[in-house]
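In my numbering, the protein residues as written are 101 to 315.
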């Protein structure tokens with residue numbers, strides 16, 4: 101195993117343990133764990149195929165992950181930048197389609213903007229005949245991967261805290277509550293019509309509207 105593969109494997113293990121390390125009371129079910137384990141396996145397969153420039157393996161695992169209904173922050177980031185890397189920047193439309201799906205699935209706005217600005221910068225530099233080196237873009241993917249894992253961990257911790265609170269509240273039917281507050285449900289973060297991770301969902305909307313007006 102190469103050094104870069106070893107590093108990303110360590111990142112995956114760190115990502116898997118992120119929820120339990122800081123607060124042991126935030127437990128996930130076996131089903132949720134198995135789902136995350138499956139996604140991590142596909143993520144790693146895609147990473148290895150990119151490092152080896154194996155287009156056949158990449159397309160195989162890309163298709164599996166792209167069709168998987170429970171993609172998370174890491175999944176989308178890998179799909180978006182992986183397509184840039186494996187195609188040498190030839191299929192940017194697919195990356196923009198993934199970005200639009202991230203918006204529809206309510207990926208956190210900060211992570212959407214992070215990916216969007218990178219993607220738009222790649223397009224602008226390509227139009228200037230100064231396209232970034234693909235091998236260097238692998239390092240960009242690794243940065244985005246790790247950042248996405250941190251955002252995902254914060255989202256999941258918030259959801260698990262709400263589940264724990266529901267257990268203490270006898271007036272709430274936990275089975276119904278879990279249908280909404282599930283760590284693999286991206287929209288659950290906004291179940292209370294606000295963004296609990298940062299300043300607030302409405303402020304993000306206002307910021308985006310301001311950016312669109314000045315663009």
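Backbone N, C-alpha and C fix where the C-beta goes; we use that ideal spot for every residue, glycine too.
Here the structure is a predicted model, which is why all the values come from computation and not from measurement.
Look up residue i in the DSSP assignment and say whether it is helix, strand or coil.
i	result
residue 284	coil
residue 209	helix
residue 263	helix
residue 222	helix
residue 193	helix
residue 228	coil
residue 129	coil
residue 201	helix
residue 187	coil
residue 293	coil
residue 247	helix
residue 235	helix
Measuring straight from C-alpha to C-alpha, what distance separates residue i and residue j?
i	j	result
residue 172	residue 286	7 Å
residue 165	residue 267	33 Å
residue 127	residue 229	50 Å
residue 159	residue 145	11 Å
residue 253	residue 260	10 Å
residue 264	residue 255	15 Å
residue 151	residue 238	8 Å
residue 120	residue 142	Confidence in residue 120 is poor, its pLDDT being 48 and thus under 50, which makes the residue's placement unreliable; the coordinate value appears in the next sentence. So the alpha carbons of these two residues sit roughly 22 Å apart.
residue 196	residue 217	11 Å
residue 231	residue 219	12 Å
residue 136	residue 221	31 Å
For chain C, is any of its Cβ atoms less than 8 Å away from the one on residue i?
i	result
residue 190	Annotation note: the requested chain C is absent from the structure, which comprises a single protein chain.
Within a Cβ cutoff of 8 Å, which residues of the same chain sit near residue i, ignoring the five residues on either side of it in sequence?
i	result
residue 212	199, 202, 203
Among the residues of its own chain, which have a CB less than 6 Å from the CB of residue i, if the five just before and after it don't count?
i	result
residue 258	296
residue 298	none
residue 241	181
residue 251	173, 208, 211
In chain order, what residues of the same chain have a beta carbon less than 7 Å from the beta carbon of residue i, not counting five sequence neighbours either side?
i	result
residue 248	173, 174, 177, 211
residue 224	none
residue 191	183
residue 179	162, 165, 166, 198
residue 226	189
residue 155	186
Can you list, in chain order, the stretches of the alpha helix (DSSP H) that have 4 or more residues and sit fully within the region 134–168?
Correct list: 155–167.
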